[in-house]
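A short write-up of the structure that comes next.
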Amino acid sequence: KYFAWQGRITVMYLGRIVEDGPTQRLITDPRHPYTQALLSAVPEADPELAHHKREIELRDAEIPSLLALPRGCTFHPRCPYFVAGQCDVAVPPLEALPEGGRVACPVRMGERISLLV
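Each residue of the sequence shown is one higher than the last, beginning at 838 in the working numbering.
And the structure:
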């Protein structure tokens, strides 16, 4: 789920904010794996761009129950960047990005990813 206002987007997963920031930065440089998965799932009308679009491979397609949230990051059971002992221990805080916005993923905090290959 995402919310957008005044040129900003906030992305939530299972009731928690996982990333927010200026629309342009978030669309072109998503840091949280869930944001990356959301954007990679958007159909691309341009066949040339669609051919070069990066697919995010989730570890599991099943969404955890809101009645029994996983420990740590709620996205970790599905996350392709999962680090045992880190992602499944504590809920990651939202940390400020120098480019604007915040992300709740210490594993991906400093990394940039292009959704085009």
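By construction, the Cβ of each residue, glycine as well, lies at the ideal position given by its N, Cα and C atoms.
#1: Indicate whether Asp857 and Thr865 have their beta-carbon atoms separated by less than 8 Å.
#2: Have a look at Arg853, Gln873 and Asp925 and flag the residue whose alpha-carbon is nearest the alpha-carbon of Pro914.
#3: Which class does Ala933 belong to by DSSP, given the choice of helix, strand or coil?
#4: Alpha carbon to alpha carbon, how far is Gln873 from Ile893? Give it in angstroms, no decimals.
#5: Assign Trp867 to one of two classes, buried (16 or more other C-beta atoms within 10 Å of its C-beta) or exposed (fewer than that).
#6: May I have a chain-ordered list of the beta strand (DSSP E) segments no shorter than 3 residues that lie completely inside the region 848-887?
By the coordinates alone:
#1: no
#2: Asp925
#3: In the three-state DSSP reduction, Ala933 falls in the strand class (E or B).
#4: Straight through space, the alpha carbons of Gln873 and Ile893 are spaced by roughly 7 Å.
#5: The amino acid occupying residue 867 in the given sequence is Pro; Trp does not appear at that position. Classification of Pro867: buried, given that the 10 Å Cβ count is 16 or more.
#6: For the beta strand (DSSP E) assignment, the uninterrupted runs of no fewer than 3 residues enclosed by the region 848-887 are, from N- to C-terminal side, 853-859.
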